[in-house]
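*Asks:* Pasting in a structure now, in structure tokens, and then I'll have a few things to ask.
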Amino acid sequence: MKYFTLALTLLFLLLINPCKDMNFAWAESSEKVERASPQQAKYCYEQCNVNKVPFDQCYQMCSPLERS
């Protein structure tokens, strides 16, 4: 019973106070990711939509990044 209560408490805390990085679990460290193809960029924007990420953050993450 203790473990069940603990698990429910942890789940509740995760639901009400999600970690910022968890929203971008499908990306690398909440930073811009180099997108090699339009399909990858489309997938990135779709994931932003699913995770309800604001457009400006999504644009920063999904737009291609020139690496120097």
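Letter by letter, the sequence shown follows residues -21 to -1, 1 to 47 in mature numbering (1 follows the signal peptide of the UniProt record, and there is no 0). The beta-carbon is built from N, C-alpha and C at its ideal position, and this holds for glycine as well.
(1) Just to confirm my understanding: we take residue 27, look at its own chain, exclude 5 residues before and 5 after, and list those with CB closer than 8 Å. What are they?
(2) Kindly indicate which three-state DSSP category residue 29 falls into: helix, strand or coil?
(3) Between which two residues does the alpha helix (DSSP H) carrying residue 40 extend?
*Replies:* Looking at the atomic coordinates:
(1) Within the sequence shown, numbered from 1, the residue matching residue 27 stands at position 48. These residues qualify, in order along the chain: 34, 36, 37, 40 and 41.
(2) Stepping through the sequence shown from its first residue, residue 29 is reached at position 50. Residue state, collapsed to three classes: helix.
(3) Locating residue 40 in the sequence shown gives position 61, where the first residue counts as 1. DSSP places residue 40 in the uninterrupted alpha helix (DSSP H) bounded by 34 to 41.
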